[in-house]
Amino acid sequence: MSANYHRIDADRISRREAMRLGIAGAGGLLAAQRFGSAALAAPAEPAKAPAKAKSVIQIFLWGGMSHNDTWDPKPEAGREYMGDFGQVVPTNVDGIRLGALFPELAKQADKFSLIRSMTHRNNGHETAAYLMQTGHMPGERLAYPSVGAVFALHKSAEYKGMIPPYVVLTQAQGRFSEEGFLGPKYKPFATGGDPNAARFEVEGVIARGITDDRQKARRELLGKLNTMSNAMTANPQVAIAEETKETAYELILGSGKEVFDLSKEKPELRDRYGRHTFGQECLVARRLVETGVPYVVINYPGGWDTHSGHFERMRRQCPQLDQGLAALLADLHDHGLLESTLVWCCGEFGRGPKVDWQPPWNGGRNHYGNVFSVLVAGGGFKGGCVVGSSDATGAEVKDRPVYPVDLLGSIYHLAGIDPNGKLPHPMGLDAHILPAPSDTVKSAGILTEIM
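Taking my numbering, I'd label the letters of the sequence shown as residues 1 to 451.
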């Protein structure tokens, strides 16, 4: 990919200018972000790989989900390793079985593949999250952007929607700066709110305590009072300001807002996803990719940090993950979106295969980056397959290790983004989307066996 980058329409309005010109509220800021994202540097040449994945949904199980209890069960290992979860459930694909808390996902196994040999051997929350979402080793002098920010950079020129190209449901985790050196215009738009509430109060889109009719009345009044802009319609800066304002209002009152309005969906479909925050986040994610949003992250509400009270928490959370994720895969398939939407689900690492029964953990599992599991589906990934394996207790990779650069490189490849391509560093430093394999960066190759 060429090292030359260009700036598209550098005179477009900035966030600060949007506020100075009187575009009210967070909706105006979102509109400025949407315009601004197109104004930043973009690759001068398109990626050469054909894009099968037009959008990505990343379900991030922050805190780290146990592989032994979920997608790589080891019932023969006994209670020392399986604790209370020694049962498994067969799937609709011969030879693949899941932990017994995933009966709905078991019915969809033909739609996804499991990587049971993911590894990086990093046990720190922040450093492992950075490694899994950038592919770069933590501690280097450059702070690299996350995969979502890279998608926003590469897909903004072709994406024409109202909503920013990189969305997080509902809160960013703050483990690292997702935008990296690309800057704040590539920071994800975190929706806030709760899609399972009576009204999904999306930050900057749904104003608490203000009805749509009142918001429209405010818009009309502001338009009448803005005599200067009305008299200067030929001025280019005024025209840009008006265009941005109209975009903001379309986001607040028009098609942008409707994407987040789950009342548009049938109640029985919402029930299928689950009337809980995670299930409704999955439904919102489907609606977002349906409108063309390139990258959506669902940060699992509450996370999976299960040092103590592990089995109690898993009994609550696994059924919700099972219900929401299974419904998402089925719904994407039913809408004809699974082939063009890549879904991947994992945490920054796994959880220790051996249960820690000693106080204060009392049956907990600790951080574990030696081996863990990842679910991938759609967007060019085959279904009904298993990549790699762990040993008899889930403690180490047995065969076919998969490293972060292998997983992310596969995702970029399927999205038509050159994993070796250069990134536009503000100081002109040499920076690439993914690092080349080295003594510190391990790689066993992209996932061609399921692509």
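The beta-carbon is built from N, C-alpha and C at its ideal position, and this holds for glycine as well.
Which listed residue (S113, H125, S443, G86) has its alpha carbon closest to that of A100 = Working through the sequence shown from its first residue, we reach residue 100 at position 100. The option with the nearest alpha carbon to A100 is G86.
Segments assigned alpha helix (DSSP H), at least 4 residues, entirely inside the region 61-121 = 79-82, 103-106
Nearest residue (CA-CA) to I57, options V296, E258, S308 | One-based indexing of the sequence shown puts residue 57 at position 57. When each option's Cα is compared against that of I57, the closest is V296.
Through-space distance from G183 to T127, alpha-carbon basis | Working through the sequence shown from its first residue, we reach residue 127 at position 127. Working through the sequence shown from its first residue, we reach residue 183 at position 183. Approximately 20 Å between the Cα atoms of the pair.
Rounded separation between P419 and D110 - CA only = On the sequence shown, residue 419 is found 419 positions in, with the first residue counted as 1. On the sequence shown, residue 110 is found 110 positions in, with the first residue counted as 1. About 28 Å.
Taking only the alpha-carbon atoms, compute the straight-line gap between F260 and K74 and give it to the nearest angstrom.
-> As a first step, residue 260 is located in the sequence shown; it is residue number 260 there, counting from the start. As a first step, residue 74 is located in the sequence shown; it is residue number 74 there, counting from the start. Going by the C-alpha atoms only, they are around 40 Å apart.
Exposed or buried, what is Q320 when buried is set at 16 or more other beta-carbons lying within 10 Å of its beta-carbon?
-> Taking the sequence shown and counting its residues from 1, one reaches residue 320 at position 320. Buried, since its Cβ has 16 or more Cβ neighbours within 10 Å.
Opposing strand residues paired with W344 [DSSP bridges] | Numbered from 1 along the sequence shown, position 344 holds the residue referred to as residue 344. Answer by DSSP bridge pairing, in chain order: Q58, V376.
Would you identify the three-state DSSP class for D356, choosing helix, strand or coil?
-> As a working mapping, residue 356 is identified with position 356 in the sequence shown. DSSP places D356 in strand when its eight states are reduced to three.
Can you list, in chain order, the residues of its chain whose CB lies under 8 Å from that of L447, leaving out five sequence neighbours each side?
-> On the sequence shown, residue 447 is found 447 positions in, with the first residue counted as 1. Apart from the 5 residues on each side of it in sequence, L447 sits with its Cβ closer than 8 Å to the Cβ of I115, V376, F381, V387, V402, D406, L407, S410 in its chain, given in chain order.
Expected contact under 8 Å - CB spacing of S113 and C282 to nearest Å = Position 113 of the sequence shown, counted from the start, is the residue given in the question as residue 113. Position 282 of the sequence shown, counted from the start, is the residue given in the question as residue 282. That pair is no contact at about 19 Å.
Which partner residues does K422 have in the DSSP bridge list?
-> Counting from one through the sequence shown, the residue named residue 422 turns up at place 422. K422 pairs with H432.
Residues of its chain near Y130, where Cβ-Cβ distance is below 6 Å and the 5 sequence neighbours each way are ignored = Mapped onto the sequence shown, residue 130 falls at position 130. The answer, listed in chain order, is P138, F176.
Using three-state DSSP, classify E449 as helix, strand or coil.
-> What you label residue 449 is simply residue 449 of the sequence shown in a count that begins at 1. It is helical.
Which class does A248 belong to by DSSP, given the choice of helix, strand or coil?
-> In the sequence shown, the residue the question calls residue 248 occupies position 248. Confidence in A248 is poor, its pLDDT being 49 and thus under 50, which makes the residue's placement unreliable; the coordinate value appears in the next sentence. If DSSP states are grouped into helix, strand and coil, A248 belongs with the helices.
Cβ separation of G63 and W304, assumed to be a contact under 8 Å, to the nearest whole Å = To locate residue 63, count along the sequence shown from 1; it is residue 63. To locate residue 304, count along the sequence shown from 1; it is residue 304. Going by Cβ atoms, the distance from G63 to W304 rounds to 4 Å, so yes, they are a contact pair.
Got a sec, what are the start and stop residues for the alpha helix (DSSP H) K155 sits in?
-> By one-based count along the sequence shown, residue 155 stands at place 155. Start and end: 147-155.
Which residues bound the alpha helix (DSSP H) around V405?
-> Working through the sequence shown from its first residue, we reach residue 405 at position 405. Where V405 is concerned, the enclosing alpha helix (DSSP H) stretches over 404-414.
Contact set for A330: own chain, Cβ-Cβ below 7 Å, skip 5 residues either direction | Your numbering for residue 330 matches position 330 in the sequence shown. Closer than 7 Å at the Cβ level, and outside the excluded window around A330, lie Q108.
F151 versus E80 - alpha carbon distance = One-based indexing of the sequence shown puts residue 151 at position 151. One-based indexing of the sequence shown puts residue 80 at position 80. If I take the Cα positions, the gap works out to 42 Å.
From F60 to V284, what does the alpha carbon distance come to, in whole angstroms?
-> For the purposes of this step, residue 60 is taken as residue 60 along the sequence shown, with counting starting at 1. For the purposes of this step, residue 284 is taken as residue 284 along the sequence shown, with counting starting at 1. Those two C-alpha atoms are separated by around 15 Å.
Who are S389's beta bridge partners in DSSP?
-> Counting from 1 along the sequence shown, the entry for residue 389 is found at position 389. D399.
Could you work out which residue in A444, G379, V441 is closest to G416 when comparing CA atoms only?
-> In the sequence shown, counting from the first residue as 1, residue 416 sits at position 416. Nearest to G416 by alpha-carbon distance, out of A444, G379, V441, is G379.
For A327, which option in A444, G274, F200 has the closest C-alpha, if you only look at C-alpha atoms?
-> Taking the first residue of the sequence shown as 1, we reach residue 327 at position 327. Checking every option, the nearest Cα to that of A327 belongs to G274.
If you draw a straight line from the alpha carbon of D399 to that of A190, how long is it in whole angstroms?
-> Taking the first residue of the sequence shown as 1, we reach residue 399 at position 399. Taking the first residue of the sequence shown as 1, we reach residue 190 at position 190. Rounded to whole angstroms, D399 to A190 spans 38 Å at the Cα level.
From this set, W71, Q133, G83, N370, which residue's C-alpha is nearest M174's C-alpha?
-> Locating residue 174 in the sequence shown gives position 174, counting from the first residue. Note on residue identity: the sequence assigns Gly, not Met, to residue 174. G174 has its Cα closest to that of Q133, out of W71, Q133, G83, N370.
What separation, rounded to the nearest whole angstrom, lies between the Cα atoms of V89 and D69?
-> The sequence position of residue 89 within the sequence shown is 89, counting from 1. The sequence position of residue 69 within the sequence shown is 69, counting from 1. So the alpha carbons of these two residues sit roughly 12 Å apart.
Any idea if R141 is buried or exposed, counting beta-carbon neighbours within 10 angstroms, 16 or more meaning buried?
-> The residue you call residue 141 lines up with position 141 of the sequence shown. Classification of R141: exposed, given that the 10 Å Cβ count is below 16.
Buried or exposed by the 16-neighbour rule on C-beta atoms within 10 Å, applied to R316 | One-based indexing of the sequence shown puts residue 316 at position 316. R316 comes out exposed.
Going by beta carbon distance, what residues of the same chain come within less than 7 Å of K159, once the five residues before and after it are set aside?
-> Start at 1 with the first residue of the sequence shown, and residue 159 comes out as number 159. The identity of residue 159 in the sequence shown is Tyr, whereas the question assumes Lys. Closer than 7 Å at Cβ, skipping near neighbours: P165, G292, P294.
Exposure of G394, with buried meaning 16 or more beta-carbon neighbours within 10 Å | For the purposes of this step, residue 394 is identified with residue 394 of the sequence shown, where counting begins at 1. G394 is buried by the Cβ-count criterion.
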